[in-house]
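For the protein sequence lines, the chains are X and G, in the order given. With the first letter of the first sequence counted as 1, position 18 gets the number 18 in our numbering; the numbers rise by one all the way through. To convert a position in the second sequence, counted from 1, into our numbering, add 1000. Ideal Cβ placement from N, Cα and C applies to all residues, glycine included. Since the structure comes first, as structure tokens, the remarks are kept for the end.
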Amino acid sequence: MRRRASLVLLAFAVFFTALSPLMRWYAFPRLAKIPPGQYQDMVLEARPATLIDYGTMKARKVPKVTIVQTLKGDVAASDRIERTAGRDVVVWDTLSYVAGPDGKMVSQVPERYIFDAHSQEPVHATGESVDGDRVRREGIEYKWPFLTEKRDYTYFDAQTRSSAPIHYRGTRTFHGLEVYYFEQTIPWTRVPLPKKMPVKGITPRAVEKTGTTRWYSTRRMFWVEPVTGAPVNGEEIHKEELRGGDLLPGGGKVTAFAGHVKMRDDYVRSTVALVTSQRTLVLLLTSYLPWGFLALGAALLVLSLHLEARGRRPAAPGPDPEPALSPA
Amino acid sequence: MRALTAAAAGLAAALALVLTVTAAGAPGGTTSPRPLLTTVPGHP
Chain X
1 MRRRASLVLL AFAVFFTALS PLMRWYAFPR LAKIPPGQYQ DMVLEARPAT
51 LIDYGTMKAR KVPKVTIVQT LKGDVAASDR IERTAGRDVV VWDTLSYVAG
101 PDGKMVSQVP ERYIFDAHSQ EPVHATGESV DGDRVRREGI EYKWPFLTEK
151 RDYTYFDAQT RSSAPIHYRG TRTFHGLEVY YFEQTIPWTR VPLPKKMPVK
201 GITPRAVEKT GTTRWYSTRR MFWVEPVTGA PVNGEEIHKE ELRGGDLLPG
251 GGKVTAFAGH VKMRDDYVRS TVALVTSQRT LVLLLTSYLP WGFLALGAAL
301 LVLSLHLEAR GRRPAAPGPD PEPALSPA
Chain G
1001 MRALTAAAAG LAAALALVLT VTAAGAPGGT TSPRPLLTTV PGHP
């Protein structure tokens, strides 16, 4: 009976011990994924900010500029791309909508971002774009990979349509979470005019004809929770200028938008809450379950060996048999 | 020999479980009907 129990325990010991690495290195990359149908919005504000007045072509101070970022997963498009890509793919349609203090549109940049659901690597497929322009992304955008490392990453900048390093600058604590702080500086670069201009009747082509160009520079900062790879805070010191041409003769330039953009407090709190819950799920697959199964497997193995050893021990000698009665 | 069989059964069960769970995967979901926002939402 003991030997049968020790064999059952041995089977369970092997079961749990084998589950440990399988969970971490086989199941985790296949189960931890960005859902294809995700919908998320984010509000950032610059208080105060500088905006161009297109009537006078002069910059003016405004109390607030708001940036509303929305991302929406296109499930049908991801299914279609997965058939040829041979891996799980997420297709995000995003919109960065910049509103002035009166709520009117200052600029808007729609994007289609296609990436691997687990590794966050970009997937190059038809439709990948920024403001209607075809692009070929390198590196990451919006989110870091699961189990973010303490190193520089390549980050895609939608305004310049190009990628550049985003540097790891150390580990910080943010709202009780350990986060990695990343920073990227984009030097003054000439960028395309947005397809939708804030003034009715003015098209980017009409502005281009005047010879006036748009320039942009930014310093972006991200506080990234490393287990999920999700940024829990983001800031940007953003500057845009219009330069030269007939609109600004004599090589003149004017600030089109400048401000220190920060996530609104209520969105910071909700993002931290969301990331904290997701972090537990990822840790379950990468740490809690693998280590728990390994410990359980070891304990069951010890118990199994113990029972086996007791089963093999020779039986203790019994009392001496009574001497046979000799016939009288 | 019996110990080897027990160990093999445990290993096979672990492999079967992990392969089944990963093959099933996560549900695909649907595209949200909500639009991309062009107004400032009041709260998250």
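Closer than 7 Å to chain X by CB, residue i
i: residue 1041(G); result: yes
i: residue 1003(G); result: yes
i: residue 1014(G); result: yes
i: residue 1009(G); result: yes
i: residue 1020(G); result: no
i: residue 1006(G); result: yes
i: residue 1044(G); result: yes
Proximal residues to residue i (C-beta, below 6 Å), its chain only, five neighbours per side dropped
i: residue 234(X); result: 222 and 263
i: residue 145(X); result: 119, 120 and 229
i: residue 271(X); result: 232
i: residue 245(X); result: 210, 211 and 212
i: residue 101(X); result: 62, 63 and 64
i: residue 207(X); result: 193
i: residue 99(X); result: 66
Contacts around residue i, its chain only, beta-carbon distance under 7 Å, and the 5 residues preceding and following it disregarded
i: residue 303(X); result: 9
i: residue 289(X); result: 23
i: residue 1017(G); result: none
i: residue 311(X); result: 2, 3 and 6
i: residue 61(X); result: 48 and 50
i: residue 74(X); result: 91 and 93
i: residue 129(X); result: 111, 112 and 135
i: residue 307(X); result: 2, 5, 6 and 9
Endpoints, the beta strand (DSSP E) within which residue i is located
i: residue 58(X); result: 58–62
i: residue 338(X); result: With chain X running from 1 to 328 in the structure shown, residue 338(X) is simply not present.
i: residue 71(X); result: 65–73
i: residue 1032(G); result: No beta strand (DSSP E) contains residue 1032(G), which DSSP labels as neither H nor E.
i: residue 3(X); result: Here residue 3(X) belongs to no beta strand (DSSP E); instead the alpha helix (DSSP H) covers 2–21.
i: residue 156(X); result: 153–157
i: residue 30(X); result: It is not in any beta strand (DSSP E) - residue 30(X) instead sits in the alpha helix (DSSP H) that spans 28–31.
i: residue 141(X); result: Element bounds for residue 141(X): n/a, residue is neither H nor E.
i: residue 1038(G); result: Here residue 1038(G) belongs to no beta strand (DSSP E), and DSSP marks it neither H nor E.
Beta-carbon separation (whole angstroms), residue i vs residue j, contact threshold 8 Å
i: residue 182(X); j: residue 169(X); result: 7 Å
i: residue 17(X); j: residue 294(X); result: 6 Å
i: residue 195(X); j: residue 204(X); result: 6 Å
i: residue 52(X); j: residue 59(X); result: 6 Å
i: residue 339(X); j: residue 227(X); result: Any answer about residue 339(X) is impossible in this case: the structure gives chain X only from 1 up to 328.
Neighbourhood of residue i by C-beta, 8 Å cutoff - its chain only, sequence neighbours within 5 removed
i: residue 138(X); result: 122, 154, 156 and 163
i: residue 342(X); result: Given a span of 1 to 328 for chain X in the structure shown, any question on residue 342(X) remains unanswerable.
Closer than 7 Å to chain G by CB, residue i
i: residue 11(X); result: yes
i: residue 162(X); result: no
i: residue 102(X); result: no
i: residue 328(X); result: Below a pLDDT of 50, predicted positions are generally treated as unreliable, and residue 328(X), at 41, falls in that range; the measurement from the model is reported next regardless. Not an interface residue.
i: residue 359(X); result: Since the first residue of chain X shown is 1 and the last is 328, residue 359(X) is not available in this structure.
i: residue 72(X); result: yes
i: residue 15(X); result: yes
i: residue 255(X); result: no
i: residue 27(X); result: yes
i: residue 86(X); result: no
i: residue 68(X); result: yes
i: residue 307(X); result: no
i: residue 39(X); result: yes
i: residue 290(X); result: no
i: residue 36(X); result: yes
i: residue 266(X); result: yes
i: residue 2(X); result: no
i: residue 113(X); result: no
i: residue 75(X); result: yes
i: residue 7(X); result: yes
Nearest neighbour of residue i, chosen from the options [CA to CA]
i: residue 1032(G); options: 91(X), 39(X) and 96(X); result: 39(X)
i: residue 43(X); options: 17(X), 70(X) and 19(X); result: 70(X)
i: residue 213(X); options: 47(X), 243(X) and 202(X); result: 243(X)
i: residue 1035(G); options: 85(X), 180(X), 59(X) and 94(X); result: 94(X)
i: residue 140(X); options: 126(X), 131(X), 127(X) and 161(X); result: 161(X)
i: residue 89(X); options: 34(X), 167(X) and 203(X); result: 34(X)
i: residue 104(X); options: 205(X), 198(X) and 186(X); result: 198(X)
i: residue 106(X); options: 1012(G), 1003(G), 1038(G) and 1030(G); result: 1038(G)
i: residue 216(X); options: 207(X), 247(X) and 254(X); result: 254(X)
i: residue 82(X); options: 54(X), 116(X) and 108(X); result: 116(X)
Span of the alpha helix (DSSP H), counted from its first residue to its last, around residue i
i: residue 261(X); result: Here residue 261(X) belongs to no alpha helix (DSSP H); instead the beta strand (DSSP E) covers 253–263.
i: residue 297(X); result: 289–312
i: residue 125(X); result: Counting along the chain, residue 125(X) falls outside any alpha helix (DSSP H), and DSSP gives it neither H nor E.
i: residue 1024(G); result: 1002–1024
i: residue 208(X); result: 204–210
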